[in-house]
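J.: Have a look at this one before I ask anything.
Protein chains in written order, with our numbering: chain A, 5 to 515; chain B, 5 to 515.
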C-alpha cells in the first residue's frame, strides 16, 4: 500500500492518510477483502503517531470502506465500491513507464484541497440501511407520473427546439416564470437577471469561480454546507467560520471579522440552515444587511429550502431586503421537488450576471433545455404548488415524530434543533460522546447518519450529528432513533466509567 | 454610454470596447433603437484611435447587435436581445449607492479574459437567416419519437431512482455501455475510468480546472475550438498555437516548443478538427505520441466527432495508441445525436479520474440521471447506431453538394477543406477579402457564418471562415453559398481596384 504524507500540507495528516487509502480503494489498488497493515506498523512506516493512523482508520470505518474484526485486523469491506478487476484489461507495456500524475495538478503544491468525500458517503445509500445521512427529499412522494406527463408535453409543445443547444442563461419561459415567482416573494428582479443552473451547487461554484482568487477570505456559518466550502477551498479560498445558534449566524462578531479580514464574500444559508435547521431571525437579517452595506461585502444567499416551510411566519429573504443589489440569491428544485432533474436558478445583479453566464458557457454551455421545459410545464400546471402542499404535511409530521423519539431514546443532556422547515435536525450529544464511534457501531446495526464535524470548517463538533428525516417513514425513524439513542447512551456511560469522579464535576452541565 | 478601456490590459482595446457595448446591450442599458455615438466622437472620448472604435463597431455589426444606416448612424438592432425594460421594476433607494462590482472579480486585475462571445453568436440563430454558424446537427433528423420512448422506458424501468441524486461519476449502466463501446474502438478502459459529463464542454472545463494554474502553458492547434481556449484562458493559461494543414497539427515544430515552453497540456481535436475539418494522419499520430511520451506531456483528446465519419478508413484515436496512459479522451452526444440532452463522457487514468470526479461534485454534483438512463436505453435498443447510419448519409450528401457549390460560386483562389466526416468546412478566401466585411453584407442578405479569426488564438485568419453545413438543406446551401460567393467576389474586385498595379504582383498567389 503506497500512502504518502506531506507534513507541510495544511491538510491534517490523518485526513491525508484517510484520503490516500480511500483513493486506493476507489481505483481498485485495494480490493474488497484486502487486509490493511496494523496501525502501529503503518504509523512507523509513515513516521507519524499511531493515533493519527487510528483516526484515519476510524474515519474509513465510519464511511463503511473498512471493517474491523477483533483479533483479525482491519479489512476493505465487500460493499466498499464495485470496482471491476482491471488486471485482465490493462496491457502492461514493457518499453514505457506509465505516466506519473502526482505534482501535475493545479494547486497541488499549495496543498489545496479537492474534496471527494461526498462520493464516499454514497456508499451508505447503496447498502440496505436506515439512512439519516445525505439530504434526500421523500422519494415515495416523487410526482413521477406528473413529471412524466410534463416531459411529454414539453416535447410535444417545444419539439426539437428543446433538444438543440439553448442560450447559456437558460430557457426564457422558465426564467420568466421564476422572475414572477421571485417578485411574489418581494425580490425585485427580471428574467434577464436569472440564470438557470444545474442545481444550486452549480450556482455556488460559478459564483466561487467569479470571485475567488487563491488566498481570498470567505466568511461562512460554522457549521455549514460542505458542498459550498469544498468549492471555495478548491479555488484556494481561506475560510472564516461564524458560530450559529437558534437565531442563525451570530452577527455580533461579524463586524470585527470584516474589519480585520476584509472578506471577499459572505456565504450563508439563512433559512432552515444546513446542517442545523436554524433560521436567521429578522432582526439579525437587518443587522447583517446594515453591516454588508457599510463595508460593501457581497453576500451569497443559499435559499435551498425557502419552499419547505411547514410552520411559522415567512421571513423576508436577504435579497428582499437588498436595496444596494449586493446579494446574490440562489435556489434549487432538488430538495423540494426532484434532485435528479438537476435544476436550480440564481438571481444576480447585471454586472455579476454577465460574468456568470460567461462561466456557465465555459462550464457546460447550457442546462438541458428539455428538463427546463418539462419543469416549466410542471410549474405552469400548478403541479409544483400541489406537490409542495403534500410534502410539507409529511415533513412536519415526521419532524414532530422525530423530536418525540429523540426525547424518548436519547440520553439526558442531548440537545436538538426543532426546525420550522427543511429536512434536517441537528443533534448535540453530551460532550463525551464521539459521533465517529457512534457511527461505527450504528452501521453494524444498519443505521447511518452524517457526523457533525464534517460540516465544521475547523473539524470541531465531534459530539454533533445531522439527522436527515425527509426520506424516512415513522417506522424507520422509530427503529433508527432507538438504535442511535441506545448506542449513544452506552457510549456516554462507558466514557463516564472511564472518568474518575474528581474530574466528572468539571464536565459541562448537560442542559 | 459608459465604456471604460484599460490600456494596460492584455485584452485588445477594440475588444474591450466591443465587450463593453455588448454588455450594455445585454443588461439593457442600451436598448433596441438606441443610437451609438459616432466613431470619431467615441474615439476622442476614450482617447483611442478612431480605427479601434471602427473595429469594435464592425464586430458588433457582424454579430448582429448593431446595424448601420448610411447617413443616419449606427443603432442597436431591434432583434439584438429581448431585454425587458427594467425601469419600472428597480427601486432606486435614496440612501444607498448600488454595489460597484468592478474590481471584485477573480483574475480581473491581470486582465484575464472571461469570454461571453458564444452567447452573442446565438443572436444569429434567433433570426430567420440561413445560418452556417454554430455547430448544429441536422434538426430534421432528430429522433424525437424514439428518444421520447426511451425517456418513458427509463422512467418505467428505473422509476424514482433516476429522479434522485446519482453518484458523481454517472449512471453505472451508461458507464458500462460506454466502456464496452470504447473497447470496440481499441481503447482499453473500464467503467471505473469513465466519467459522465454535461457534454464535452464540461469534460474540457473539469480537465482545465484539474491541471491549469495561472501562467501555465497549453499547446493547441491554431485555429481551434474557442470553447476550449475560453476555458483555459479563464483559468489564466497561456496558449501556444501550432499551425494545422490537411494532415492535421504540424508536429514538426512541436518538439522545439515543448523543450522551450514546457507546456502543461496539449489539447487537440485529431479527427474532423473544429473548425477546419482536417484529420490528423496516422503517421503524425505516432509522431505526436512519441513526443509526448518522451517529454511526459498529458494530452487532452477531443473526440467530439468520432462517430460522424462518412467516408474513408477509421484512424485509431490517440487514446488507442496510448500505452503510457497519458491521453485523456472525451466525447459527446451533442453533434451526433441531440445537443439538448447535454451528455458527454471522459475516459481518464485513475489518478486523474479521482480528481475529475471530485471537481464534478463541486461543479454540479452529478449529471441528470434521468437523461443518462434515457440515453442508455436509446443506445441499448440500437437506436443510436440506426440514427448514425441515417445522418452519415445526409451529411456526406450535403458535403458533396456544398463543395460543388463552393467551386461554382466562390472567386478563383478560394481554398476549402473536404472533410471525411463532421459538420464543418473550412474556407480560405483570397488574402484581400476580409470576412468581417463579408459577414456584414451577408447578414443584410440573410446569411450568417462563423468568421475564421474567432477560432485563431492570435486573431489571424481574417480571410477565413467556417461553414457549418449539417443543418442546412440543399436549397438553403445553394442559396446561402450563392450569396456568400457573390459578395466575396465583389469584395475581391473592390480590393483589387484599390491596389495599384505595382503592388498587385506582390500578393500571394491564389492556389
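Glycine is no exception: its CB is placed at the ideal position from the N, C-alpha and C atoms.
Jot down the residue ranges of each uninterrupted alpha helix (DSSP H) in the stretch 338 to 382 of chain B, minimum 4 residues, whole runs only, in chain order.
T.: Within the stretch 338 to 382 of chain B, the complete alpha helix (DSSP H) runs of at least 4 residues are 354 to 368.
J.: For the stretch 361 to 378 of chain B, which residues have a CB atom closer than 8 Å to at least one CB atom of chain A, in sequence order?
T.: 361, 362, 363, 365, 366, 367, 368, 369, 370, 371, 372, 373, 374 and 375
J.: Taking the C-alpha atoms as reference points, what is the distance between residue 36 of chain A and residue 430 of chain A?
T.: The residue labelled residue 36 of chain A in the question sits at position 32 within the first chain. The residue labelled residue 430 of chain A in the question sits at position 426 within the first chain. Each residue's Cα considered, the two are about 34 Å apart.
J.: Taking the alpha-carbon of residue 517 of chain B as reference, which of B/333, B/484 and B/6 has the nearest alpha-carbon?
T.: In the structure as shown, chain B begins at 5 and stops at 515. Residue 517 of chain B is therefore absent and cannot be evaluated.
J.: Within the chosen definition, does the stretch 188 to 202 of chain A reach the stretch 405 to 421 of chain A through at least 3 CB pairs nearer than 8 Å?
T.: no
J.: Report all residues from its chain with a CB closer than 8 Å to the CB of residue 285 of chain B; omit the five preceding and five following residues, and keep chain order.
T.: Residue mapping note: residue 285 of chain B aligns to position 281 of the second chain, counting from 1. Within the same chain, residue 285 of chain B has close Cβ partners 251, 252 and 319.
J.: Nearest to residue 364 of chain A by CA position, among A/65, A/203, A/14 and A/183, is which residue?
T.: Looking up residue 364 of chain A in the first chain gives position 360. The shortest C-alpha to C-alpha distance from residue 364 of chain A to any of A/65, A/203, A/14 and A/183 is the one to A/203.
J.: Against residue 159 of chain B, what residues of chain A qualify as contacts under a CB-to-CB distance less than 7 Å, listed in chain order?
T.: In the second chain, residue 159 of chain B corresponds to position 155, counting from 1. By Cβ distance, chain A contributes 148 and 152.
J.: In angstroms with no decimal places, state the Cα-to-Cα distance between residue 326 of chain A and residue 283 of chain A.
T.: Here the question's residue 326 of chain A lines up with position 322 in the first chain. Here the question's residue 283 of chain A lines up with position 279 in the first chain. So the alpha carbons of these two residues sit roughly 18 Å apart.
J.: Compare the C-beta of residue 402 of chain B against all C-beta atoms of chain A and say whether one is closer than 8 Å.
T.: The residue you call residue 402 of chain B lines up with position 398 of the second chain. No, because no Cβ of chain A sits closer than 8 Å to the Cβ of residue 402 of chain B.
J.: On the DSSP bridge list, what partners appear for residue 290 of chain B?
T.: Sequence index remark: in the second chain, residue 290 of chain B carries index 286 (1-based). In DSSP, residue 290 of chain B forms no bridge with anything.
J.: Are residue 341 of chain A and residue 277 of chain A closer than 8 Å when you measure CB to CB?
T.: Taking the first chain and counting its residues from 1, one reaches residue 341 of chain A at position 337. Taking the first chain and counting its residues from 1, one reaches residue 277 of chain A at position 273. For residue 341 of chain A and residue 277 of chain A, no; Cβs fall outside 8 Å.
J.: For the beta strand (DSSP E) containing residue 249 of chain B, name the first residue and the last one.
T.: Looking up residue 249 of chain B in the second chain gives position 245. Its beta strand (DSSP E) spans residues 242 to 249.
J.: I want to see whether chain A comes within less than 8 Å of residue 166 of chain B, judged by CB atoms only; does it?
T.: Within the second chain, residue 166 of chain B is the residue found at index 162, counting from 1. Closer than 8 Å: yes.
J.: Nearest to residue 288 of chain A by CA position, among A/321, A/33 and A/466, is which residue?
T.: Walking along the first chain from the start, residue 288 of chain A turns up at place 284. Residue 288 of chain A has its Cα closest to that of A/321, out of A/321, A/33 and A/466.
J.: Determine, using beta-carbon pairs with one atom in the stretch 367 to 384 of chain A and one in the stretch 149 to 167 of chain A, whether at least three such pairs fall under 8 Å.
T.: yes
J.: Quick one: list the residues of chain B neighbouring residue 244 of chain A, beta-carbon separation under 9 Å, in chain order.
T.: In the first chain, counting from the first residue as 1, residue 244 of chain A sits at position 240. Those within 9 Å of residue 244 of chain A in chain B number zero; the least Cβ separation is about 18 Å.
J.: Which bits of chain A does residue 356 of chain B rub up against, with CB to CB less than 8 Å?
T.: For the purposes of this step, residue 356 of chain B is taken as the residue at position 352 of the second chain. Correct list: 105.
J.: In chain order, what residues of the same chain lie with their CB nearer than 6 Å to the CB of residue 433 of chain B, ignoring the 5 residues before and after it?
T.: The count along the second chain starts at 1 and reaches residue 433 of chain B at position 429. Same-chain partners within the cutoff: 418, 467 and 492.
J.: If I measure Cβ to Cβ from residue 54 of chain B and keep anything under 6 Å in the same chain, skipping five residues before and after, which residues do I get?
T.: Working through the second chain from its first residue, we reach residue 54 of chain B at position 50. Excluding positions up to five away in sequence, the list reads 43, 44 and 47.
J.: Going by Cα to Cα distance, which pick from B/132, B/450 and B/244 is closest to residue 262 of chain B?
T.: Mapped onto the second chain, residue 262 of chain B falls at position 258. Nearest C-alpha to residue 262 of chain B: B/244.
J.: What would DSSP say about residue 435 of chain A, mapped onto helix, strand or coil?
T.: What you label residue 435 of chain A is simply residue 431 of the first chain in a count that begins at 1. Residue state, collapsed to three classes: coil.
J.: From the DSSP secondary-structure annotation, give me the bridge partner or partners of residue 222 of chain A.
T.: In the first chain, counting from the first residue as 1, residue 222 of chain A sits at position 218. Its beta-bridge partners are A/243 and A/269.
J.: If we require 3 or more residues per run, which beta strand (DSSP E) segments fall completely within the stretch 169 to 210 of chain A?
T.: 198 to 201
J.: Does residue 190 of chain A pass the burial test, meaning 16 or more other C-beta atoms within 10 Å, or should it be called exposed?
T.: Numbered from 1 along the first chain, position 186 holds the residue referred to as residue 190 of chain A. With fewer than 16 Cβ atoms within 10 Å of its Cβ, residue 190 of chain A is classed as exposed.
J.: Look up residue 73 of chain B in the DSSP assignment and give the residues it is bridged to.
T.: Taking the second chain and counting its residues from 1, one reaches residue 73 of chain B at position 69. DSSP, once it has assigned bridges, lists B/77 as partnering residue 73 of chain B.
J.: Answer yes if the stretch 400 to 409 of chain B comes into contact with the stretch 441 to 458 of chain B, meaning at least three C-beta pairs across the two stretches below 8 Å, and no otherwise.
T.: no
J.: Would you call residue 22 of chain A buried or exposed, if buried means 16 or more other Cβ atoms sit within 10 Å of its Cβ?
T.: What you label residue 22 of chain A is simply residue 18 of the first chain in a count that begins at 1. Flag for residue 22 of chain A reads buried.
J.: Going by other Cβ atoms of all chains shown within 10 Å of its Cβ, with 16 needed for buried, is residue 454 of chain B buried or exposed?
T.: Here residue 454 of chain B is taken as the residue at index 450 of the second chain, counted from 1. It is buried - the Cβ of residue 454 of chain B has at least 16 other Cβ atoms within 10 Å.
J.: Tell me whether the stretch 203 to 222 of chain B and the stretch 104 to 116 of chain A touch, counting them as touching only if at least three CB pairs, one residue from each stretch, are closer than 8 Å.
T.: yes
J.: Using Cβ-Cβ distances below 8 Å, what residues of the stretch 338 to 351 of chain B are close to chain A?
T.: Answer in chain order: 338, 342, 343, 344, 345 and 346.
J.: Could you tell me the boundaries of the alpha helix (DSSP H) in which residue 50 of chain A lies?
T.: Translated into positions along the first chain, residue 50 of chain A becomes position 46. Counting along the chain, the alpha helix (DSSP H) containing residue 50 of chain A begins and ends at 43 to 50.
J.: Could you have a look at residue 305 of chain A and say whether DSSP puts it in helix, strand or coil?
T.: One-based indexing of the first chain puts residue 305 of chain A at position 301. In the three-state reduction of the DSSP assignment, residue 305 of chain A falls in the strand class.
J.: Does the beta carbon of residue 213 of chain A sit closer than 8 Å to a beta carbon anywhere in chain B?
T.: Here residue 213 of chain A is taken as the residue at index 209 of the first chain, counted from 1. Chain B, which has a Cβ nearer than 8 Å to the Cβ of residue 213 of chain A, makes this yes.
J.: Cα separation between residue 10 of chain B and residue 114 of chain B?
T.: In the second chain, residue 10 of chain B corresponds to position 6, counting from 1. In the second chain, residue 114 of chain B corresponds to position 110, counting from 1. Taking the straight line joining both Cα atoms gives about 11 Å.
J.: Per DSSP, which one or two residues make a beta bridge with residue 20 of chain B?
T.: Here residue 20 of chain B corresponds to residue number 16 of the second chain, with the count starting at 1. Per DSSP, none; premise fails for residue 20 of chain B.
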